[in-house]
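There are 2 protein chains.
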Amino acid sequence: MNIGVLGAGQLGRMLALAGYPLANRFTFLDTTGHPSAGIGEVVIDTDRKHLEAFLEKVDLVTYEFEHLPVSLVQAIEEVRPVYPSSEAIRVCQNRAEEKALFDRLGIPTPAYRLVEHADELEAAAQELGCPVVAKSVTEGYDGKGQAVIRDPAEAHEAWRAINHPRLVVEAFVDFVREVSIIAVRGRDGEVAFYPMAENQHVDGILRYSIAPLPDLDAGVEQVADGYIRALLDELDYVGVLTLELFQCADGSLLANEMAPRVHNSGHWSIDGAVTSQFENHLRAIQGLPLGDTSARMPTCMVNVIGREGEPAAILALPDAHLHRYDKSERAGRKLAHVNLLAPTHEALLERVRACAALLPDAPAPRFSFE
Amino acid sequence: MNIGVLGAGQLGRMLALAGYPLANRFTFLDTTGHPSAGIGEVVIDTDRKHLEAFLEKVDLVTYEFEHLPVSLVQAIEEVRPVYPSSEAIRVCQNRAEEKALFDRLGIPTPAYRLVEHADELEAAAQELGCPVVAKSVTEGYDGKGQAVIRDPAEAHEAWRAINHPRLVVEAFVDFVREVSIIAVRGRDGEVAFYPMAENQHVDGILRYSIAPLPDLDAGVEQVADGYIRALLDELDYVGVLTLELFQCADGSLLANEMAPRVHNSGHWSIDGAVTSQFENHLRAIQGLPLGDTSARMPTCMVNVIGREGEPAAILALPDAHLHRYDKSERAGRKLAHVNLLAPTHEALLERVRACAALLPDAPAPRFSFE
C-alpha cells in the first residue's frame, strides 16, 4: 500500500521507517518547499498545483502536521480515505472548538474565556485572575500567537501583539507536572493506550519525555485513558491521538491541548514500547490489528535541539538509541532525539543526566518523581 | 554520510532502515536488473558502465552479497574505503581458502579434501566414508554447485553434474544442531558478540533462528566467540561477520562456513537485541562505538518463504514483529520474516507454532532443546 503523508518532516520520516517493514511505500506532500523527511518520494507543492498528481500515487492519506486548511483535507476525502478525518483536524486546529469538545465530554480544563475584543480580554484577565495566557484560536504553533498577561492593564497591548480576531484566555494552573497520554484507535473502534509520559518543556519546546511513570496512581491513568477514549470515540477517530494534560498536586488532570497525530512525547515508544506509536498509527489507518503498547522498560526520550553534539559519544552510552533527522543545525530546531532505556528509573535518570551532559545547551533534566 | 551498498536486496533494505536514524543515506549498486531494496537510491549497472557514477555519490562502500568479483572490490578500494575488505570477500567466496583459514587458525571443521579430478573425488569419497557432500570451491550459493555422493561409484556422475575444476569434499557430520555466531568488529578492533542462535534449515533454506539458547554451555559459547574473534582479527575485519557451525552431541563445534556480512540468522536482533546486527554493522564501518549485542528476551525469527499468508493474522500475535521485503511471491523466495519475543522459551515456542500455522508451507518448527 502506498501511503500519502501531508507534510514531510521528521514525523513523516519516522512513520516511513516504521512502515517499510509493513510493505508500505510513502509519498509526502510538502507545501513548504523545505521537505526534510529524506525518505520515500516527495511531491513539492508550493504552488498548489500538484495535489492531483500526489493523490494519483497514493491509496490512503494521513498527515504529520495538523495546521492544514480543512477544505483541503475535505477535498482529499472526496477521492481517497483520510485518517484521521478532516473533522479531527478541524477541531484540533481551533482552540475554541477543542475546548468546547473537552467541555461537552466532561474533560476538565483550566478555567478559560473566549474573547473577541481587547476590552473582553481585559475583563477575562480580571475575572480569571492574573497571570493569564491569551492564545489565538487558530494557527498557534510552538508558542506563536500567544501572550502572557500579568496585569489586566496589559490586555490591550497583548491584543494588538497577537493580532487575531478571537482568543482563548486561560488561567494559569498550579500543576505538579506536564503529562501526555497517547492512544490509538483502529478502524474497527479498538483502542490501545500507551503508558502516560511526563514531559519537560523549556521555552515551549519539549526537552524530555519519560514513561512509564514510577509514581502514577493506576486510578489517575484510568482517568486519562477515559478522557482520551471519549475523544477518540466522539470523533470516530482512526490513528494515533495525543492529549497533553497538567497534573495537579491532588493527582487530578486538566486537559491542555490535543494533537491529531503521532507526537514528540511518544518518540520513546520507538525503542521503549513493544509497538511504536508510528507502527500503531500505520496499523490503525490500514485496518490492521493494533500492536501491544506496553513499555519494555523505563524509557526517556531526550530531544536534541539546535546543535547535535557528538553522535559517537551518545552512541557509547549504554542502551542509547539515537534517532537523527538528517537536518542542519539551527537554534531551536529539533534535530534528533535519543531514547535511553534502563531496568530501573534510578538507573535511567543517571543515563539521562549523562546524555544531557553530551548535548550542547541541554537543560538539566528534572522530573517530578525524583 | 552516504553509504554505498553493493547489492540491492532485503539485506540492503534492512541496513538502510537501521541507518536512517544515524543520518546515513544509501545508494545501492544493482548488477542484476532486479533490485528489491525499495528504499534509497539504486544505481542499476547491468552493463558495468555506472560504477564511477555510483562511487561519486558515496563516501564509504559495504556490501550485502559476497559473490562479487574480487577485482571489482579491489578497484573500488582504490577510490573509497570498503568494509569489510576485499580480502574478506576473497576468502569467504572460496571454500578452499575458507577451509585453509579455519585450519590455520585451529578452528575445527568436518573432515574434508580438495579435489581437481573425478578420480580424486572418488578417492576422497572412499577415504572420508560415504555419504559425502561435494561442493564447487566458488560461486556456491543456496545449494547450487553441490552434490551428495552416497557411494564412491557416483563420483564421476557428480563431477560432471557440478562441472567445476575444483571441489571441496566434506564428510557428513553427526550433529545435534546447526548454530551460528555473529560478531561485529569496529575500525579500532573492538569486538562484540551476539548470543549464538540455533538455526533450522529445510532444503537448504533457513526457516527458523532462535536466540539466545536455553541449554548452551557458557564454555561452548566462549569457544565459538574465540573462533570468530580469531577470524575477525586475522582478516583485520570491519563490520558484521557470521560463522555457521555444527554442534555435536559432546557439545563440540565444527565450522561449516562463514559470511562476510549481516546474515539471515541474525534478523532476530532487529527486535530481540539491544542493538541490531544492521545498526552495529553501520556503526562499525563508520568508526562509531559498537552497541550492546545482548538479547532483551528469548527471540525467534521465522522466515516467510514463497507465500506471505495473511499479514493481519501475523500482526495479531502477541509481541510479533513483521518485516516484509515488499517482493512478489515466488516459490522458495524470502519474502519477509517475523520476529517473535516472549519472556520464556516455553512461551516463545508456543508463539512460534502459532505463527508457523499462519504461514503457507511452513515446516514444523523443531529445536534441539524442546
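Residue numbers (full-length UniProt numbering), protein chains in the order written: chain A, 1 to 370; chain B, 1 to 370. Virtual Cβ for every residue (Gly too), placed ideally from N, Cα, C. Remember, predicted model here, so these are calculated numbers, not experimental data.
When the options are compared against residue i, the one with the closest alpha-carbon
| i | options | result |
| --- | --- | --- |
| Ala342 of chain A | A:Leu317, A:Ala336 and A:Arg80 | A:Leu317 |
| Thr46 of chain A | A:Glu64, A:Gly7, A:His156 and A:Gln200 | A:Gly7 |
| Glu52 of chain A | A:Glu77, A:Gly40, A:Arg160 and A:Thr32 | A:Glu77 |
| Val61 of chain B | B:Arg261, B:Glu257 and B:Gly38 | B:Arg261 |
| Tyr83 of chain B | B:Arg283, B:Val42 and B:Ala134 | B:Arg283 |
| Val274 of chain A | B:Leu322, B:Glu310 and B:Ala331 | B:Leu322 |
| Glu244 of chain A | A:Met258, A:Gly266 and A:Gly287 | A:Met258 |
| Leu335 of chain B | B:Pro363, B:Asp236, B:Cys355 and B:Val302 | B:Val302 |
| Ala183 of chain B | B:Phe278, B:Leu348 and B:Glu64 | B:Phe278 |
| Thr242 of chain A | A:Gly251, A:Asp225 and A:Ala249 | A:Asp225 |
| residue 454 of chain A | A:Asp174, A:Gln126 and A:His50 | Within the shown structure, residues of chain A are numbered from 1 to 370, placing residue 454 of chain A beyond reach of any answer. |
| Ala249 of chain A | A:Phe175, A:Arg351, A:His156 and A:Asp236 | A:Phe175 |
| Ile285 of chain B | B:Asp103, B:Ala362, B:Val191 and B:Phe246 | B:Val191 |
| Ala197 of chain B | B:Met1, B:Gly239, B:Ser294 and B:Asp59 | B:Ser294 |
| Gly251 of chain A | A:Gly291, A:Lys57, A:Tyr227 and A:Val220 | A:Val220 |
| Pro81 of chain A | A:Glu120, A:Leu121 and A:Val5 | A:Val5 |
| Val179 of chain B | B:Asp292, B:Phe65 and B:Ser209 | B:Ser209 |
| Glu287 of chain A | B:Ala312, B:Val137 and B:Thr344 | The amino acid occupying residue 287 of chain A in the given sequence is Gly; Glu does not appear at that position. Per the Cα distances, B:Ala312. |
| Met297 of chain A | A:Ala218, A:Arg95 and A:Pro195 | A:Pro195 |
| Val238 of chain B | B:Arg177, B:Ala155, B:Glu122 and B:Asn280 | B:Asn280 |
Classification of residue i by the beta-carbon crowding that lies within 10 angstroms, buried from 16 upward
| i | result |
| --- | --- |
| Gln10 of chain A | buried |
| residue 371 of chain A | There is no way to answer for residue 371 of chain A, as the model of chain A reaches only from 1 to 370. |
| Pro360 of chain B | exposed |
| residue 459 of chain A | The first residue shown for chain A is 1 and the last is 370, placing residue 459 of chain A beyond what the model contains. |
| Gly189 of chain A | exposed |
| Asp233 of chain B | exposed |
| Arg330 of chain A | exposed |
| Thr299 of chain A | buried |
| Pro131 of chain A | exposed |
| Val79 of chain A | exposed |
| Asp30 of chain A | buried |
| Arg48 of chain A | exposed |
Spatial neighbours of residue i in its chain, beta-carbon cut-off 8 Å, leaving aside the 5 residues before and after
| i | result |
| --- | --- |
| Met129 of chain A | The sequence shown places Gly at residue 129 of chain A, rather than the Met named in the question. Cβ neighbours of Gly129 of chain A beyond the five flanking positions: Ala171. |
| Val70 of chain B | Ser86, Ile89, Arg90 and Gln93 |
| Asp142 of chain A | Here the model assigns Asp142 of chain A a pLDDT of 49, short of 50, so the residue's position is not dependable, and the following value carries that caveat. Counting only Cβ-Cβ distances below 8 Å, and skipping sequence neighbours, we find Gly204 and Ile205. |
| Arg333 of chain B | Ile305, Gly306 and Lys327 |
| Pro35 of chain B | Ala8, Gly9, Phe28, Val42 and Ile44 |
| Ser265 of chain B | Ser180, Ile182, Ala197, Asn199, Leu206, Ser209, Thr242, Glu244 and Met301 |
Close-in-space but distant-in-sequence residues of the same chain around residue i (CB under 6 Å, 5 per side omitted)
| i | result |
| --- | --- |
| Ala16 of chain B | Phe26, Ile39 and Gly40 |
| Ala147 of chain B | Ala134, Ala158, Ala161 and Ile162 |
| Arg113 of chain A | Ala124 and Val169 |
| Ala230 of chain A | Leu105 |
| Gly19 of chain B | Leu282 |
| Asp151 of chain B | Cys130 |
| Ala111 of chain B | Leu128 and Ala171 |
| Gly186 of chain A | Ala284 and Leu290 |
| Ile107 of chain A | Tyr227 and Ala255 |
Same chain, Cβ closer than 7 Å to residue i, neighbours up to 5 away in sequence not counted
| i | result |
| --- | --- |
| Glu116 of chain A | Pro165 and Arg166 |
| Gly33 of chain A | Ile44 and Thr46 |
| Ala355 of chain A | For clarity, residue 355 of chain A is Cys in the given sequence; the question names Ala instead. Hits under 7 Å: Val302, Ile314, Leu317, Ala320, Val338 and Leu340. |
| Arg353 of chain B | Pro365 |
| Glu310 of chain B | Leu358 |
| Thr109 of chain A | Lys99, Phe102, Leu254 and Ala255 |
| Asp292 of chain A | Val274 and Thr275 |
Cross-chain neighbours of residue i in chain C, by beta carbon under 9 Å
| i | result |
| --- | --- |
| Leu288 of chain B | Absent here is chain C; the protein component of the structure consists of chains A and B. |
Check: residue i C-beta below 7 Å from any heavy atom of the ligand COA
| i | result |
| --- | --- |
| Val304 of chain A | The ligand COA is not among the ligands present in this structure, which contains no ligands whatsoever. |
- Task: Let me know the beta strand (DSSP E) ranges lying completely inside the stretch 244-283 of chain A, each 3 residues or longer, listed in chain order.
- Result: 253-259
- Query: For the stretch 66-139 of chain A, which segments carrying the beta strand (DSSP E) assignment without a break, of at least 3 residues, lie completely within its bounds, in sequence order?
  - Reply: 112-115 and 132-136
- Scan the stretch 2-72 of chain B and note each continuous beta strand (DSSP E) run of 3 residues or more that stays entirely inside, going in chain order. 2-6, 25-30, 41-44 and 60-63
- Task: Compile a chain-ordered list of the residues in the stretch 238-269 of chain B whose CB is closer than 9 Å to at least one CB of chain A.
- Result: none
- Task: Please specify which runs of the beta strand (DSSP E), each continuous and at least 3 residues long, are wholly inside the stretch 276-354 of chain A, giving them in chain order.
- Result: 299-305, 320-324 and 334-341
- For the stretch 319-343 of chain A, which residues have a beta carbon sitting closer than 7 Å to at least one beta carbon of chain B? Asp319, Leu322, His323, Arg324 and Asp326
- Query: Of the residues that make up the stretch 77-92 of chain A, which ones have a beta carbon closer than 9 Å to any beta carbon in chain B?
  - Reply: none
- Residues, ordered as in the chain, of the stretch 31-60 of chain B that lie near chain A by beta-carbon distance below 8 Å: Gly38 and Ile39
- Task: List in chain order: all unbroken beta strand (DSSP E) runs of 3+ residues lying wholly within the stretch 192-235 of chain B.
- Result: 197-202 and 205-211
- Query: When Cβ atoms are compared, which residues of the stretch 9-28 of chain B fall closer than 9 Å to chain A?
  - Reply: Arg13, Met14, Ala16, Leu17, Tyr20, Pro21, Leu22, Ala23, Asn24 and Arg25
- Task: Compile a chain-ordered list of the residues in the stretch 294-306 of chain B whose CB is closer than 9 Å to at least one CB of chain A.
- Result: Arg296 and Met297
- Message: Please list, in chain order, the residues of the stretch 345-366 of chain B that have any C-beta partner in chain A closer than 8 Å.
- Response: none
- Contacting positions in the stretch 271-288 of chain A - beta carbon closer than 7 Å to chain B: Val274, Arg283 and Leu288
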